[in-house]
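Counting in the UniProt record's numbering, the sequence shown runs from 1 upward without gaps. This report refers to the structure that appears directly beneath it.
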Amino acid sequence: MRLTQVVNKHKLSTFYRSTQVQVNQWKFYYCIGKEMASKSPNMFCGTCSRRSKSTKAIKYCTDCEDALCSECLDVHGTIKACASHHVIDVNVIDGNPVIVNKSCDVHPDMVLELFCSDHDTLCCRSCMASDHRSCEKLLPIEVAAKGVKRSTMYEEINNDVRILNTAVNELEDKKRKSMLSLNDSKEIVQQEVTNLKKQLQKRIQELEAVLMSEIDKMHTNLSKKSSDDLEKYAIDKKRYKIFQNNLNPSQHMDQKVKYLCSFII
């Protein structure tokens, strides 16, 4: 059975919504609270604890959300503001009581305390006085909830809760595996990027070496050609000078005569 099917079948969130929840479901949660309490350590009086005293609690006020010892319970009962509070035995809840909507929709200031078997509904004392005065089967919720653990519905819900728990565990396991896979994928991609960077750097260095070698060769060739050209120009220059001198003999002789005459004078 799929997780959504189980949730849609029983609508577990409706346990917390209003007094319109199914009475048997309310009984079921009440029973679960008792079962949890049986596995929990003894509770201490909250009022005494705040006064640095450790006194074992015997009652729990669901409105104050506080545990009470016998002495504090008496004081609690004398306070006008607490007169309508719902007090139950501590063995019904644990340190984290099951949260169920305890307020009456019709009378928000009143707490649901009774179950009317005639109308199959939960009611407060004001409802009892106004709408259930003639009802014969009006019981405290604690009494009406007895035996619910042996009901077929309890077994069905208990089984579906186990299915829900299994499904959630499977989802959690899959999510953890997914996170591990995600982390592994991250490392793989990062390593691939690092390797690609190294390959690119290596290739760039190789291209740099090739280009530098080509530049050196080009420079050598151009330098040699320039040197060869300069030597050729020097040879041509001398050749042209000799050719020019041969084209002007008279000027050449005049210079010789002048040279000889300089010695005679």
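Idealized CB from N, CA, C, for every residue including glycine.
Rounded C-alpha distance that separates residue i from residue j
{"i": "Ser178", "j": "Ile188", "result": "15 Å"}
{"i": "Gln20", "j": "Ala167", "result": "With a pLDDT of only 38 at Gln20, under 50, the local geometry of the prediction cannot be trusted, and the value read off the model is given with reservation. Approximately 28 Å, taken between the alpha carbons."}
{"i": "Ser134", "j": "Val87", "result": "26 Å"}
{"i": "Cys48", "j": "Asn91", "result": "19 Å"}
{"i": "Ala57", "j": "Arg162", "result": "33 Å"}
{"i": "His219", "j": "Ile242", "result": "35 Å"}
{"i": "Leu73", "j": "His132", "result": "29 Å"}
{"i": "Arg203", "j": "Val210", "result": "11 Å"}
{"i": "Ser185", "j": "Gln199", "result": "21 Å"}
{"i": "His119", "j": "Val106", "result": "16 Å"}
{"i": "Asn159", "j": "Glu170", "result": "17 Å"}
{"i": "Leu222", "j": "Lys237", "result": "22 Å"}
{"i": "Glu71", "j": "Thr152", "result": "41 Å"}
{"i": "residue 285", "j": "Asp228", "result": "No statement about residue 285 is possible, as the shown extent of the chain runs from 1 to 265 and does not include it."}
{"i": "Asp89", "j": "Gly77", "result": "15 Å"}
{"i": "Gln244", "j": "Lys232", "result": "18 Å"}
Three-state class that DSSP yields for residue i in the structure shown
{"i": "Asp173", "result": "helix"}
{"i": "residue 266", "result": "In the structure as shown, the chain starts at 1 and stops at 265, and residue 266 therefore has no counterpart that could be examined."}
{"i": "Ala83", "result": "coil"}
{"i": "Cys64", "result": "coil"}
{"i": "Thr121", "result": "strand"}
{"i": "Asp236", "result": "helix"}
{"i": "Cys116", "result": "strand"}
{"i": "Ile58", "result": "coil"}
{"i": "Asp131", "result": "helix"}
{"i": "Gln109", "result": "Before going further, note that residue 109 is Asp rather than Gln in the sequence given. In the structure shown, Asp109 sits in coil (DSSP, three-state: anything other than H, G, I, E or B)."}
Cβ shell of residue i (< 6 Å), same chain only, five flanking positions each side left out
{"i": "Ser117", "result": "Lys137"}
{"i": "Asp66", "result": "Gly46"}
{"i": "Gln205", "result": "none"}
Residue i burial status per 10 Å Cβ neighbour count (16 or more: buried)
{"i": "Val23", "result": "Any reading at Val23 is ruled out, since the residue's pLDDT is 48, under 50, leaving its predicted position unreliable."}
{"i": "Val143", "result": "exposed"}
{"i": "Val148", "result": "buried"}
{"i": "Cys141", "result": "Cys is not the amino acid found at residue 141; the sequence shown has Ile there. Looking at its Cβ environment, which holds 16 or more other Cβ atoms inside 10 Å, Ile141 is buried."}
{"i": "Leu114", "result": "buried"}
{"i": "Leu122", "result": "buried"}
{"i": "Leu207", "result": "exposed"}
{"i": "Leu112", "result": "buried"}
{"i": "Ile215", "result": "exposed"}
Residues near residue i in its chain [Cβ-Cβ closer than 7 Å; skip 5 each side]
{"i": "Thr55", "result": "Phe44, Cys45, Cys48, Cys69"}
Own chain residues within Cβ distance below 8 Å of residue i, not counting five before or after
{"i": "Met110", "result": "Ser84, Ser103, Cys104, Cys124, Arg125, Ser126, Cys127"}
{"i": "Ile235", "result": "none"}
inquiry  = Does the structure place the region 55–65 close enough to the region 76–87 that three or more beta carbon pairs sit under 8 Å?
reply    = The region 76–87 vs the region 55–65: in contact.
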